[in-house]
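Here is the structure we will look at.
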Ligand SMILES: [Fe+2]
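Numbering (our numbering), first residue to last: 7 to 272.
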């Protein structure tokens, strides 16, 4: 396991992930970081740079230039290994599985060997200390990069994932996770599990805005990310990515609900 220890980080931080090949959203996020005067080394990405939208290669190039700490998402692991699917473990024939065939094939065509090399060197875990708390960053969960820790899972599930992560990287106070695309924050005793959602796709709540986490010395807040949605929709339409995710950017609802726990269906 590739673990990246960033040591102590001073100052405010941005926590983000789920770029999902949405270049306009990534550009807006980087501009927001610059407006806050938060340097790239204080921005932590939870992975899935590539997924549903049109600009896989441009987003990887942009992230290489931005050079913030980033862990591998399942999409990066799969692409780096020349796998034929996104590795989410969707059931065969499910709507999510059929939809992923479209965008994943598109991403494969854009990604070159330099991108794959960069992806294969991404760490699996990041740790850092901020304001006397130790953080551990995972993509899906400690047990499986593609495990979905939805906002409705039990405390027991989360505590077992935290215990496993601590066996991998040592004691943590806070876990930062991605993968689900839905923000959540759960405090259990002295431990916290936080997911800041995705910047590249709305969180199935009927709002087109996406978001990221802003961590200061007191708390973490989810901040809306306005960006040029039309530019991303047009890029998807031009690329033939019209299976439904292009509408999600405007409607805020995912094209398929079958991967979600029933409580989270629209
Ligand atoms: Fe993921």
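Glycine residues also receive a C-beta, built at the ideal position from the N, C-alpha and C atoms. Keep in mind that this is a model prediction, so the values were computed, not measured.
Tell me the DSSP secondary structure of residue i in three-state form.
i	result
residue 257	helix
residue 271	coil
residue 115	helix
residue 107	helix
residue 145	coil
Considering Cα atoms alone, identify which of the options is closest to residue i.
i	options	result
residue 154	185, 172, 162, 127	185
residue 187	172, 199, 209	209
residue 61	150, 241, 254	241
residue 233	31, 182, 15, 20	31
residue 86	67, 48, 105, 126	126
residue 13	47, 95, 227, 67	47
residue 189	143, 205, 137	205
residue 122	78, 192, 142	78
residue 249	103, 45, 91	103
residue 211	131, 225, 88, 270	270
residue 43	135, 203, 220	220
residue 81	75, 73, 109	109
residue 226	258, 101, 10, 19	19
residue 54	216, 145, 223	145
residue 158	45, 33, 168, 266	266
residue 224	160, 97, 166, 138	138
residue 230	16, 214, 272, 143	214
residue 228	203, 260, 70, 236	203
residue 26	33, 52, 57, 16	57
In the DSSP assignment, the alpha helix (DSSP H) including residue i goes from what residue to what residue?
i	result
residue 161	161-175
Between which two residues does the beta strand (DSSP E) holding residue i run?
i	result
residue 85	Segment 80-86 is the alpha helix (DSSP H) holding residue 85; no beta strand (DSSP E) there.
residue 11	9-14
residue 128	Where residue 128 is concerned, there is no enclosing beta strand (DSSP E), given that its DSSP letter is neither H nor E.
residue 22	19-22
Using a Cβ cut-off of 8 Å (strictly closer), state whether residue i contacts chain B.
i	result
residue 46	Within the model displayed, chain B is absent; a lone protein chain is all it includes.
Regarding residue i and ligand 3, is the C-beta to nearest heavy atom distance less than 7 Å?
i	result
residue 189	You won't find ligand 3 in this model; what it holds is ligand 1.
Item to check | Contiguous beta strand (DSSP E) assignments of at least 3 residues, all confined to the segment 179-254 | outcome: Correct list: 180-183, 190-194, 197-201, 216-221, 226-231.
Checklist entry - Fully enclosed by the segment 27-76, which beta strand (DSSP E) runs are 3 residues long or longer? => result 49-51
Item to check | Those residues, in chain order, that have a beta-carbon closer than 5 Å to some heavy atom of ligand 1 | outcome: 54, 79, 80, 185
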